[in-house]
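My numbering applies: residue 2 is where the sequence shown begins, and numbers increase by one.
Step one of this worksheet: look at the structure below.
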Amino acid sequence: GINAEYGDEDDALIVRELPARFEDGRASEPISHYKVTVYTGDRRGAGTDANVSLRVYGSKGESALIKLDTAKNNFERNAAEVFGFEAVDLGDLSKIRIGHDNKGVAAGWFLDKVVIRSEVFGREWYFLCGRWLATDEDDGQIVREISVSPQDGTSCVPLTTYVVTVFTGDRFGAGTNANVFINISGDRGDT
């Protein structure tokens with residue numbers, strides 16, 4: 002059974018929201034089960050060992066703050082992690098607020114996307130990010146509010162490796178000791 006304070010040991014839930022109950026013990030609001038899949042992007046240093054948390058917002062309210070953690074090493078580069086939580090029915094999901102506490106070595110994290118599935122209604126919502134949550138990358142933010150996307154998709158362009166060959170002329174003084182930079186531009190942006 003479910004222990005009201007700590008939950009069922011087998012469900013791996015860390016946070017359990019308990020609805021108000023009538024005098025006969027029936028829940029006044031139905032409990033919904035949600036599955037959260039968090040995708041860490043494919044960037045050098047994308048993973049984090051910081052403590053990640055999530056709050057989910059819907060048309061019928063918001064969840065408690067959910068700490069996303071399991072016994073394994075979570076949020077590694079180019080990996081997907083699956084978590085579960087229970088809450089009263091949140092209705093149609095509209096946004097999430099996800100972030101970390103910036104603890105640990107190289108706490109910065111490149112979040113690709115989050116997919117939330119209502120196990121009760123069989124519906125999925127997509128939250129595409131494709132940005133760093135890091136004090137030393139992007140805009141320096143470690144918490145992001147992400148609106149729902151109408152469909153799953155690509156939140157960032159995959160990394161591409163280019164081989165650049167530079168030929169220096171054979172004229173006197175053609176070489177340099179200066180730092181040389183190359184900027185590659187294309188229809189999807191530049192380096």
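We put the CB at the ideal spot given by N, CA and C, even for glycine.
Small disclaimer: the values here were computed from a predicted structure and weren't measured.
Contact the region 33-49 vs the region 76-85: 3+ CB pairs below 8 Å:
Yes, the region 33-49 touches the region 76-85.
Tell me Phe193's beta-bridge partners as DSSP assigns them.
Not covered by the structure: residue 193. The range shown for the chain is 2 to 192.
Answer with buried or exposed for Ile183, where buried requires no fewer than 16 other C-beta atoms within 10 angstroms of its C-beta.
exposed
Since Glu120 contacts Lys36 with CB under 8 Å, what's their CB separation in whole angstroms?
6 Å
Using 10 angstroms around the beta-carbon of Arg132, count the other beta-carbons present and answer buried if the total reaches 16, otherwise exposed.
buried
Could you give the C-beta distance for Arg124 and Ile97, rounded to a whole number, given that I count them as a contact under 8 Å?
Contact flag wrong, Cβ pair sits at about 15 Å.
Tell me which same chain residues have a C-beta within less than 7 Å of the C-beta of Lys114, skipping the five on either side of it?
Tyr40, Tyr127, Phe128, Leu129, Cys130 and Ser156
Need the endpoints of the beta strand (DSSP E) that Ile185 sits in, please.
Per DSSP, Ile185 lies in no beta strand (DSSP E) segment and is marked neither H nor E.
Just to confirm my understanding: we take Glu138, look at its own chain, exclude 5 residues before and 5 after, and list those with CB closer than 6 Å. What are they?
Gly109
Would DSSP call Lys96 helix, strand or coil?
strand
Name the two residues that bound the continuous beta strand (DSSP E) containing Asp69.
According to the sequence provided, residue 69 is Leu. The question's Asp does not apply to it. For Leu69, the uninterrupted beta strand (DSSP E) segment begins and ends at Ile67 to Leu69.
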